Structure formats: C-alpha cells, structure tokens
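Chemist: The opening position of the sequence shown corresponds to residue 8 in our numbering, with each subsequent residue numbered one higher.
Ideal placement from N, C-alpha and C gives every residue a C-beta, glycine not left out.
Since the model is a prediction, treat every value here as computed from it, not as a measurement.
The structure follows.
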Amino acid sequence: MQSKHPWISLALSAAVIAAAGYAGYRMMRHYMAVEVVNAQVRVTPFRIETLGYSFKPESTSGEYAFRRIAARTTQGARVLLENTNRMPAESFARKIEFPDGRFLTVADFLKMKATGRFSVEEIANRRRANDRLPPDCALFRNDLVIGNTTAHGEPLVTIQNTDPQGMRYTVLRAPRLSCVDVAWTYEKKGSDGALTKLSEARLVSLAVAEPEATLFDPGTDYREAPPSELQRTFARSIGVTDCTECEKQWAKDDNYYHSRQ
8 MQSKHPWISL ALSAAVIAAA GYAGYRMMRH YMAVEVVNAQ VRVTPFRIET LGYSFKPEST
68 SGEYAFRRIA ARTTQGARVL LENTNRMPAE SFARKIEFPD GRFLTVADFL KMKATGRFSV
128 EEIANRRRAN DRLPPDCALF RNDLVIGNTT AHGEPLVTIQ NTDPQGMRYT VLRAPRLSCV
188 DVAWTYEKKG SDGALTKLSE ARLVSLAVAE PEATLFDPGT DYREAPPSEL QRTFARSIGV
248 TDCTECEKQW AKDDNYYHSR Q
C-alpha cells in the first residue's frame, strides 16, 4: 500500500538511494498511509526505533544502512524520522502528519521543508482505511500469518509474503498500534531454493508512551521548497547528479505539492 500523496516521501527517495548504490532501502509501506486524521480522536501513542542493515553475498552481520524512528502521539500526530549511511550521523529527514490535516517533509540537515494539507476526500479515505485494519494485520495480498510473539511487552504478529519473483518479506506488526511495521527481513530465493538475506530492520526499542515533542518540530525557520528542489539538493549532497527516474517522480511530486497548498 503506497501513500496517495507521493511527494511527502522522506527527503530520501528510494530512487535517489538506489542511484547512490544502496538497493536495500525500503520505506514502511503503510506507516503513514493509514491513520485517523481527526483532532477529536485519541489513539495509543508509541515510539519505535529500528536499525537497518544491508547484506552482501556471504555476509552474515550486514552493513549499517539506516536508523529510523516512528512515533505517534495520543492526538494522532505521526512522524517518521530516518538517517541513512549517506547522511551526517545525527541528521534526519522527517515526515510529519498532524491531526488537522497538515503534512510536511522536513530535511533538518538541509534546513528545508515542503508542506501541504490533505483534501477533505483524502482525510475521509484515510479514516476509512484505518477503520478497516484487519485484527491479524495481514494488510496486503498474499500476506500469511505464521506466528505471534512479543517485544518490549507489546504483542506482535509475524507475517510472511512471497512474490512471484521469489522475494520473501517477513515482518513483525503491532495490532494494538495500527499494525505498524516493527521489524522486517527481505530475502531472495535462488534457483536452488536457498534464501539469501538482502536487508533487515532490527528493533532497538518500542515504548507505548507519548513521544518527545521535538520529533514533531515543523522547522519554522526552515526554507519552504517544492519537493523537486528538496530532493535534488539531497541527491547532490550524497553525490547523485544524474537520475532520470528521479526527475520523472519529482515532477509528479511537484504537481501534488502545488495542488495541496
């Protein structure tokens, strides 16, 4: 399930990361895509931190790829922060959604942001999607529940999904927390049937508590810019100067951005 507001993807677009040479990059497919956008609704707050690793052939430990923090307030505001191995150590890109319908992509390390507001129809669609979350968190076609576990005291569901190309995705989701992805592993099946690990996200911490307010700082003093400018600036900062697919996506992102001002 992909977000219907594509420009709000983090400043670290998948196309840019791939162009920079890290094929294991993955966004949480639904984290920001389903949520009640209603200031009157109170939900269970949380703060989840994961570390991501990519794997080369014959590697068992993996190489650091990203650090990610996902959080939600009692009022329903959500944020997704990410730092990758291409960014300064304590710099983050943040994707924020507020209960009143505002949303932002904030690149703290660039001091830039892109802001917008959901349409009435989008708010209604997101509310319906949140209401329809299945109890077992099997969100996508071919999702198979294979077990249950707990982490940091929170009940989790283990789900696997294998596509026709032999890519297997194993994920832990939290039913009480709107089925948010907590940890996951990507593997590829070879012609001999053996699985090779490509990437994984390991859970560092999970707290069912109000997250720190600083995570939701909208970057008041940051420069407003359309998504293409924000993404292009980021791409250049990590050495990506030519990305045709990126430019195509950025044009679409800009169209959405201008329609949501």
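How should L205 be labelled, buried or exposed, when 16 other C-beta atoms within 10 angstroms of its C-beta is the threshold for buried?
Modeler: Against the sequence shown, residue 205 aligns to sequence position 198. L205 is buried by the Cβ-count criterion.
Chemist: Across which residues does DSSP place M119 in a beta bridge pair?
Modeler: Position 112 of the sequence shown, counting from 1, holds the residue named residue 119. DSSP output for M119 lists A114, R230 as bridge partner(s).
Chemist: Measuring CB to CB, does R75 end up less than 8 Å from P52?
Modeler: By 1-based counting over the sequence shown, the position of residue 75 is 68. By 1-based counting over the sequence shown, the position of residue 52 is 45. Cβ atoms of R75 and P52: not closer than 8 Å.
Chemist: Could you give the distance in angstroms between the alpha-carbon of E97 and the alpha-carbon of S61?
Modeler: In the sequence shown, residue 97 corresponds to position 90, counting from 1. In the sequence shown, residue 61 corresponds to position 54, counting from 1. Going by the C-alpha atoms only, they are around 20 Å apart.
Chemist: So, is F99 buried or exposed, given that buried needs 16 or more other C-beta atoms within 10 angstroms?
Modeler: Translated into the one-based positions of the sequence shown, residue 99 becomes position 92. F99 should be labelled buried.
Chemist: Out of A232, V187, A77, point me to the one whose CA is closest to N137's CA.
Modeler: The count along the sequence shown starts at 1 and reaches residue 137 at position 130. Out of A232, V187, A77, V187 has the C-alpha closest to the C-alpha of N137.
Chemist: So what's N149 in DSSP terms, helix, strand or just coil?
Modeler: Along the sequence shown, read from residue 1 onward, the residue named residue 149 stands at position 142. Coil, per DSSP.
Chemist: Helix, strand or coil for V86 per DSSP?
Modeler: One-based indexing of the sequence shown puts residue 86 at position 79. In the structure shown, V86 sits in a strand (DSSP, three-state: E or B).
Chemist: Taking C-alpha atoms, which residue in T203, S244, A232 lies nearest to S68?
Modeler: Counted from its first residue, the sequence shown places residue 68 at position 61. The shortest C-alpha separation from S68 is found at T203.
Chemist: Measuring only the C-alpha atoms, how far is D260 from F116?
Modeler: Here the question's residue 260 lines up with position 253 in the sequence shown. Here the question's residue 116 lines up with position 109 in the sequence shown. So the alpha carbons of these two residues sit roughly 21 Å apart.
Chemist: Could you check how far apart the C-beta atoms of R49 and Q82 are, in whole angstroms? I think they sit under 8 Å.
Modeler: Residue numbering aside, residue 49 sits at position 42 when the sequence shown is read from its first letter. Residue numbering aside, residue 82 sits at position 75 when the sequence shown is read from its first letter. Right, their Cβ atoms sit about 7 Å apart.
Chemist: Which same chain residues end up closer than 6 Å to E56 when comparing Cβ atoms and leaving out the 5 residues on each side of it in sequence?
Modeler: Residue mapping note: residue 56 aligns to position 49 of the sequence shown, counting from 1. Around E56: I76, V211, S212.
Chemist: Mind checking whether T169 and I153 have CB atoms under 8 Å apart?
Modeler: By one-based count along the sequence shown, residue 169 stands at place 162. By one-based count along the sequence shown, residue 153 stands at place 146. Not a contact, by the Cβ cut-off of 8 Å.
Chemist: Counting Cβ pairs closer than 8 Å, one from the stretch 111-127 and one from the stretch 220-230, do we hit at least three?
Modeler: Result yes; three or more Cβ-Cβ pairs closer than 8 Å.
Chemist: For K259, which three-state DSSP category applies?
Modeler: The count along the sequence shown starts at 1 and reaches residue 259 at position 252. K259: helix per DSSP, three-state reduction.
Chemist: Of the choices F125, P95, A114, R175, whose alpha-carbon is the least far from that of E104?
Modeler: Stepping through the sequence shown from its first residue, residue 104 is reached at position 97. Among F125, P95, A114, R175, the Cα nearest to that of E104 belongs to F125.
Chemist: Quick test of the definition: if touching needs 3 or more C-beta pairs under 8 Å, does the stretch 179-195 touch the stretch 142-149?
Modeler: At 8 Å Cβ cutoff, the stretches touch.
Chemist: Just verifying my parser: in three-state terms, what is the DSSP assignment at D170?
Modeler: What you label residue 170 is simply residue 163 of the sequence shown in a count that begins at 1. In this structure, D170 counts as coil in the three-state DSSP scheme.
Chemist: What residue range is occupied by the uninterrupted alpha helix (DSSP H) comprising V127?
Modeler: Within the sequence shown, numbered from 1, the residue matching residue 127 stands at position 120. Note, V127: alpha helix (DSSP H), 127-138.
Chemist: Helix, strand or coil: how does DSSP classify A242 here?
Modeler: What you label residue 242 is simply residue 235 of the sequence shown in a count that begins at 1. DSSP places A242 in helix when its eight states are reduced to three.
Chemist: With distances taken from CA atoms, which of K102, G200, P106, Y176 is nearest A190?
Modeler: Taking the sequence shown and counting its residues from 1, the one referred to as residue 190 is at position 183. Of the candidates K102, G200, P106, Y176, the one whose C-alpha sits nearest the C-alpha of A190 is Y176.
Chemist: With H, G and I counted as helix, E and B as strand and the rest as coil, what does DSSP make of E252?
Modeler: The sequence position of residue 252 within the sequence shown is 245, counting from 1. Helix.
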